[in-house]
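Residue numbers (our numbering): 1 to 84.
Glycine is no exception: its CB is placed at the ideal position from the N, C-alpha and C atoms.
Each remark here refers to the structure printed beneath this line.
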């Protein structure tokens with residue numbers, strides 16, 4: 001699974017990503033969050049749902065082995081390699 005990198009904590013995101021965090025949250029609010037809220041059962045996570053929430057949801061879905069791998073050519077992303 002390839003996602004935009006975030007920590008699941010806005011304060012930590014600002015510390016780690018600086019001004020880039022604001023741009024990612026803006027994109028999330030105006031694009032991804034709106035699209036991710038189209039159904040009654042939607043979680044409305046948006047772009048910056050982050051690694052902690054992603055790992056929690058993946059574990060709840062039965063993925064016990066979750067590895068996060070940086071993507072050097074796409075620094076804004078993180079790759080999740082998940083195995084059951």
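Considering Cα atoms alone, identify which of the options is closest to residue i.
i: residue 33; options: 44, 75 and 23; result: 44
i: residue 50; options: 82, 83 and 77; result: 77
i: residue 57; options: 10, 26, 28 and 82; result: 82
So what's residue i in DSSP terms, helix, strand or just coil?
i: residue 83; result: strand
Hey, residue i and residue j are a contact pair by Cβ (cut 8 angstroms); roughly how many whole angstroms apart?
i: residue 8; j: residue 52; result: 4 angstroms
Excluding the 5 residues preceding and the 5 following residue i in the sequence, name in chain order all residues of the same chain whose CB lies nearer than 7 angstroms to its CB.
i: residue 14; result: 21
i: residue 27; result: 47
With a threshold of 6 angstroms on Cβ separation, who are the neighbours of residue i within its own chain once the five nearest residues in sequence on each side are excluded?
i: residue 79; result: 2, 69 and 71
Beta-carbon within less than 8 angstroms of residue i's beta-carbon, same chain only, minus the 5 sequence neighbours each way: which residues are those?
i: residue 84; result: 62, 63, 64 and 65
i: residue 24; result: 4, 6, 13, 17, 47, 48 and 76
### 4-residue-minimum alpha helix (DSSP H) runs that sit fully inside the region 14-81, ordered along the chain
19-27 and 50-60
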